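Trainee: For the record, in the sequence shown the residue sitting at position 25 is 439 according to our numbering, with numbers rising by one throughout. We put the beta carbon where it would ideally sit given N, CA and C, even for glycine. A quick note: this is a predicted structure, and the numbers were derived from the prediction, not measured.
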Amino acid sequence: MQTDLALVLGLVIGAFTVPGILTALSERRAPRASVLTILIAIGLVTYAVMVNPGGYSVEEIPDVFSRVAAQLF
Numbered sequence: 415m416q417t418d419l420a421l422v423l424g425l426v427i428g429a430f431t432v433p434g435i436l437t438a439l440s441e442r443r444a445p446r447a448s449v450l451t452i453l454i455a456i457g458l459v460t461y462a463v464m465v466n467p468g469g470y471s472v473e474e475i476p477d478v479f480s481r482v483a484a485q486l487f
């Protein structure tokens, strides 16, 4: 379950970081904080895929989100 949480956090952080990168680039400033958060997201996803035996497939991602949500609530 720890790898499921890392995968979900990495995907959510990555999704929220993309608008920040685009905003910084459109305003012609360096996206330093956004790049740092995307690196954290990549690290979390990489950790989850490497540690989980067999890794994850794209078809499993909705089930992983469901398991993590069920665990939290």
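#1: Less than 7 Å between the beta carbons of A420 and L458, yes or no?
#2: Taking buried to mean at least 16 other C-beta atoms within 10 Å of its own C-beta, is D477 buried or exposed?
#3: Report yes if the CB atom of V482 is closer than 7 Å to the CB atom of V426, and no otherwise.
#4: Where does E474 fall in DSSP's three states?
Mentor: Checking against the coordinates, here is how it stands:
#1: In the sequence shown, residue 420 corresponds to position 6, counting from 1. In the sequence shown, residue 458 corresponds to position 44, counting from 1. In contact: A420 and L458 (Cβ atoms closer than 7 Å).
#2: Taking the first residue of the sequence shown as position 1, residue 477 is located at position 63. That one is exposed.
#3: If you number the sequence shown from 1, residue 482 lands on position 68. If you number the sequence shown from 1, residue 426 lands on position 12. No, the pair does not count as a contact, with Cβ atoms beyond the cut-off.
#4: Looking up residue 474 in the sequence shown gives position 60. E474: helix per DSSP, three-state reduction.
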